[in-house]
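What follows is a single structure, written as structure tokens, with notes after it.
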């Protein structure tokens with residue numbers, strides 16, 4: 001297994017820029033997610049690491065070796081495709097053995113390694129079956145078998161769970177992460193599903209329009225989104241984004257929203273003014289009759305342990321609150337809202353950039 | 368019993384009556400299509416007088432005379448001379464003597480038939496080879512002017528081939544390709560390759576790129592991936608295309624008449640030239656035609672499964 005270093009990777013298809021100057025490092029043994037909406041460049045990035053696409057500029061180092069323009073077959077990486085790409089004219093055993101046969105490995109050794117991989121994935125009983133009759137979960141296991149049998153430098157996975165049923169997906173999420181840990185693998189995993197990314201990854205790169213908007217641990221991305229895009233993309237329901245205009249000086253600890261003064265984390269930069277956005281997660285909103293921020297309940301959505309209430313403030317802004325399901329909430333009800341001050345985010349509206357506040361202190365201390 | 372149960376068949380499936388009508392139409396069409404074939408076969412096992420009798424004989428004594436005449440050349444002799452010969456050595460010799468003739472040698476049918484086999488299968492193989500590689504390139508790579516090139520390839524089919532008969536005749540004479548097997552193979556390939564490229568591109572487009580990409584990541588070159596992963600999956604398409612190419616090359620008559628006369632002559636221009644005593648030897652012509660049908664029939668029957676799958680391939684996405 002090896003470290004993957006991607007430096008200023010750039011890919012243009014004619015006038016369209018798919019990936020813009022991306023730089024990141026996947027540490028040896030790390031489970032790294034490229035997360036973003038479709039068309040954000042995450043798959044193109046992965047395909048460039050695999051050698052299925054050549055970059056316009058930039059470099060890719062695999063275990064220290066520059067492989068930027070090397071052929072896919074010479075890179076010693078394994079790729080798991082969304083639609084599995086199992087060779088339909090071969091049975092399970094032949095599919096898993098295929099990469100080993102490319103290396104001209106001795107028959108007995110191929111047999112041993114294939115059976116070992118099949119055992120790891122608990123598909124030993126399927127080895128002599130044709131791939132056409134398999135369930136999608138088993139197909140995915142065979143595709144993984146073909147990837148692990150080679151003991152490659154890294155695993156690259158392009159939405160490998162995208163074609164599975166919801167129940168299977170959850171199961172395979174756990175299996176994939178377990179497999180990664182057992183093999184001590186380095187994995188780059190592409191997905192548009194934030195839950196998959198959150199539950200599996202050590203580090204996530206959130207991409208949008210070819211740019212990595214934020215790179216960090218799942219919790220960091222959730223708690224301290226670096227941009228409006230990340231704030232909106234991560235979380236379900238996503239972060240409430242409440243626009244306001246005002247002037248904040250360094251050290252400011254409150255903002256004026258509608259006619260309420262709200263406590264926010266202390267501003268750590270030289271001041272901001274104009275159109276700003278206050279970001280608040282639905283779970284950081286609660287009802288408080290004493291609050292001057294007034295809102296009307298529009299509807300509620302019952303989710304079992306919690307409920308999501310959709311609200312409209314007196315100023316016309318819409319937001320969602322995650323509330324205990326036991327709390328009686330009726331549409332049309334007038335309520336006051338309290339926000340958890342120390343967990344709020346502030347953004348510049350035009351650039352989308354997050355303002356630096358005491359929320360980032362822990363990160364600064366660590367870095 | 369409620370109406371709902373008595374009309375229990377699915378509303379999207381045809382009902383029993385529609386099925387019966389469809390079956391009847393198919394059977395009638397099959398019978399109509401079979402009549403000429405049956406006529407040819409029956410004629411091939413008639414004697415020459417039976418074959419031209421009017422009204423046509425439906426009940427007759429079968430004879431191998433047509434097949435004997437097809438494969439032999441004969442000469443007429445006097446009864447006295449024939450009596451001096453040793454007894455006939457085979458069926459054909461016996462049949463021939465009954466007509467006061469002796470076999471003097473083999474006819475040209477066998478070599479013409481071999482020419483047909485070589486030219487038809489040779490041009491089919493070449494068309495498929497060129498067609499598959501071209502179709503793969505058009506399907507997978509950014510070929511400059513791809514759409515224009517594809518249209519150009521198709522446009523070679525837009526005029527009747529015979530419209531270029533004279534230029535081709537002159538070209539072939541200059542190039543020394545007239546009346547050669549190679550010349551005919553190249554000519555039929557030129558006609559078939561456009562069909563092959565278009566058909567095969569459709570089939571290859573349907574094969575997901577991921578298969579080759581998986582193979583390339585797994586350590587194979589693109590060429591290896593093409594041979595080991597793409598070709599096996601394009602097999603049904605290749606078979607279907609091959610049958611179309613083969614049928615064209617096998618049946619082609621106009622260019623064969625124009626460009627071949629001896630060495631490389633194929634069976635179609637040869638069969639009508641079979642002359643018996645006092646006119647066309649119809650049983651021999653019918654026998655030649657019957658045998659001529661056999662290779663295509665065998666090829667198609669052997670590969671009918673792939674052919675059917677090939678023709679309906681891509682109609683329903685999985």
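Protein chains in written order, with the numbering used here: chain A, 1 to 367; chain B, 368 to 685.
Beta carbons: idealized from backbone N, C-alpha and C, even for Gly.
Asked	Found
For residue 223/A, which beta-bridge partners are listed by DSSP?	None; residue 223/A has no bridge partner.
Does the Cβ of residue 264/A have 16 or more other Cβ atoms within 10 Å, making it buried, or fewer, making it exposed?	buried
What does DSSP give as the partner residue(s) for residue 240/A in the beta ladder?	280/A
Buried or exposed: residue 392/B, going by 16 or more other Cβ atoms within 10 Å of its Cβ?	exposed
If you measure beta-carbon to beta-carbon, which residues of the stretch 581 to 607 of chain B are closer than 7 angstroms to chain A?	581, 583, 584, 585, 586, 587, 588, 596, 599 and 600
Among 236/A, 128/A, 245/A and 31/A, which one has its Cα closest to the Cα of residue 321/A?	236/A
From this set, 271/A, 350/A, 20/A and 259/A, which residue's C-alpha is nearest residue 59/A's C-alpha?	20/A
Taking Cβ positions only, does residue 577/B come closer than 8 angstroms to chain A?	yes
Helix or strand or just coil, what does DSSP make of residue 500/B?	helix
Can we count residue 592/B as close to the ligand FAD, meaning its CB is less than 7 angstroms from some heavy atom?	This structure lacks the ligand FAD, and indeed carries no ligand of any kind.
Tell me, please, which residues DSSP counts as bridged to residue 91/A.	130/A
Give the DSSP-derived three-state secondary structure of residue 103/A in the structure shown.	coil
For residue 77/A, return the contacting residues in chain B, with the cut-off set at a CB-CB distance below 7 angstroms.	584
Counting only the same chain and skipping the five closest in sequence on each side, list residues whose C-beta sits under 7 angstroms from that of residue 667/B.	610 and 674
Measuring alpha carbon to alpha carbon, tell me which of 431/B, 600/B, 646/B and 617/B ends up nearest residue 89/A.	600/B
Using alpha carbons as the reference points, say which of 28/A, 49/A, 35/A and 37/A lies closest to residue 6/A.	49/A
In angstroms, rounded to a whole number, what distance separates the CA positions of residue 22/A and residue 226/A?	16 angstroms
Tell me which residues share the same chain as residue 649/B and place their Cβ nearer than 7 angstroms to its Cβ, disregarding the 5 neighbours each side in the sequence.	410, 415, 418 and 419
Within 10 Å of its beta-carbon, does residue 138/A have 16 or more other beta-carbons around it, so buried, or fewer, so exposed?	buried
Can you list, in chain order, the residues of the stretch 172 to 198 of chain A whose Cβ is nearer than 8 angstroms to any Cβ on chain B?	none
Taking residue 109/A as the reference, give the member of 132/A, 149/A and 142/A with the closest Cα.	149/A
Quick one: Cα of residue 299/A to Cα of residue 334/A, how far?	12 angstroms
Measure the alpha-carbon distance for residue 342/A versus residue 359/A and round it to whole angstroms.	7 angstroms
For residue 98/A, decide whether its Cβ has a neighbour in chain B, counting only Cβ atoms nearer than 8 angstroms.	yes
Taking residue 473/B as part of the alpha helix (DSSP H), name the residues at either end of that continuous run.	Per DSSP, residue 473/B belongs to no alpha helix (DSSP H); it is in the beta strand (DSSP E), 468 to 473.
Since residue 99/A and residue 141/A are thought to touch, with beta carbons under 8 angstroms apart, how far apart are those beta carbons, to the nearest angstrom?	Rounded, the Cβ-Cβ distance is 16 angstroms, inconsistent with contact.
Check the Cβ of residue 73/A against every Cβ in chain B and list those closer than 8 angstroms, keeping chain order.	583, 584, 585, 586, 587 and 588
For residue 661/B, tell me which candidate among 628/B, 618/B and 623/B has the shortest Cα-Cα distance.	618/B
Mapping the DSSP letters down to three states, classify residue 8/A as helix, strand or coil.	strand
Give the interface partners of residue 52/A over in chain E, defined as CB-CB distance under 8 angstroms, in chain order.	Considering every chain present, this structure includes no chain E. Its protein chains are A and B.
Please confirm whether residue 186/A and residue 26/A have their CB atoms less than 8 angstroms apart.	yes
Please classify residue 634/B: is it buried, with 16 or more other beta-carbons within 10 angstroms of its beta-carbon, or exposed?	buried
Taking only beta-carbon atoms, is residue 81/A less than 8 angstroms away from chain B?	yes
Where does residue 119/A land, buried or exposed, given buried means 16+ other C-beta within 10 angstroms?	exposed
Going by Cα to Cα distance, which pick from 115/A, 157/A, 296/A and 112/A is closest to residue 84/A?	157/A
Does any residue of chain B have a CB that is nearer than 8 angstroms to the CB of residue 88/A?	yes
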